[in-house]
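Beneath this line is the structure, given in structure tokens, with notes to follow.
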Amino acid sequence: MPLTMAKAGEINYIKKVGGNEETKRHLETLGFVVGGQVTVISSLNGNLIVNVKDSRVAISKEMANKIMI
């Protein structure tokens with residue numbers, strides 16, 4: 001399921017990162033790698049604030065939909 005479907009506070013693991021090569025590279029530099037742990041902190045209109053690799057990152061709904069957990 002896409003990251004946008006995750007509940008706030010629960011720990012999830014990334015299974016797949018989709019999108020074109022540029023998008024995948026961008027997400028990887030933010031810490032979204034296959035097997036990585038990600039926790040949703042909050043969601044507002046589909047846009048997310050997540051904890052990934054001990055950092056808080058804000059991502060858009062479009063980007064979050066490309067990350068499968």
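Residues in the sequence shown are numbered consecutively from 1, following full-length UniProt numbering.
Beta carbons: idealized from backbone N, C-alpha and C, even for Gly.
Being a predicted model, the structure only gives us computed values, none of them experimental.
- Query: When DSSP labels each residue in this structure, what does L53 get in the three-state scheme?
  - Reply: For the sequence presented, residue 53 should be read as Lys rather than Leu. K53 falls in the coil class under three-state DSSP.
- Query: Count the other CB atoms within 10 Å of the CB of I11; is the residue buried (16 or more) or exposed (fewer)?
  - Reply: Exposed is the call here.
- Message: By the three-class DSSP mapping on this structure, what secondary structure does A64 have?
- Response: Secondary structure of A64 (DSSP, three-state): helix.
- Quick one: Cα of S42 to Cα of A64, how far? 13 Å
- Query: What's the gap between the Cα of V34 and the Cα of H26?
  - Reply: 14 Å
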